[in-house]
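*Asks:* For the sequence shown, position 6 (counting from the first letter as 1) is numbered 5 according to numbering that gives the first Met the number 0, and the numbering increases by one without interruption. Positions of the beta carbon are idealized from the N, C-alpha and C atoms, including for glycine. Predicted model only: the values in this text are computed from it and were never measured. I have a structure here, written as structure tokens, and I will follow up with some questions on it.
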Amino acid sequence: MDANTTRIGKTGLVITRVSALDVTPNTSDVAIVIPAAELKASLWEPEVDPSTESQADWGGWMWAFQLGNGTQALLTNDRRGGIRWSLWVDEEVDPCDALDALLDVIAGAGFSANVSQF
0 MDANTTRIGK TGLVITRVSA LDVTPNTSDV AIVIPAAELK ASLWEPEVDP
50 STESQADWGG WMWAFQLGNG TQALLTNDRR GGIRWSLWVD EEVDPCDALD
100 ALLDVIAGAG FSANVSQF
């Protein structure tokens, strides 16, 4: 597993995989909706949490990443299964930066995702 995988989006926004976050993401008020296979193809192999409450048969998938400006975020599948993914950031951070970069990377891989606010 490459601990520092970088993905570049369609317009040039960049996210980099991190093996450990420097901050604990503690707020999520936005989610993206995209099939699991498309998200995985857009990013990299997810970390797997077998103890999750997810209804997905594979357990909980999560991607920890960092933006070019140092903002860190976590993307996890929620309890509804494999098409809805919660974006977690520190409460002091604007989630729009992480969301924009994530959507750009997905578009760069040839896919699209819908956004859902909580």
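1) Can you say whether G8 is buried or exposed, counting buried as having 16 or more other CB atoms within 10 angstroms of its CB?
2) What do you get for D76, buried or exposed, if any count of 16 or more other CB atoms within 10 angstroms of its CB means buried?
3) Mind the definition here: the region 100-117 touches the region 23-42 only if three or more C-beta pairs lie below 8 Å; say whether that holds.
4) Smallest Cα separation from R83: which of T23, W60, V22 and V17?
5) Could you tell me the boundaries of the beta strand (DSSP E) in which S41 lies?
*Replies:* Taking the coordinates as given:
1) Per the 10 Å Cβ criterion, buried.
2) Note that residue 76 is Asn in the sequence shown, not Asp. Residue environment: N76 is assigned as buried (16 or more neighbouring CB atoms within 10 Å of its CB, all protein chains considered).
3) Flag = yes, the region 100-117 and the region 23-42 touch.
4) When each option's Cα is compared against that of R83, the closest is W60.
5) Element bounds for S41: not the beta strand (DSSP E) but the alpha helix (DSSP H), A35 to S41.
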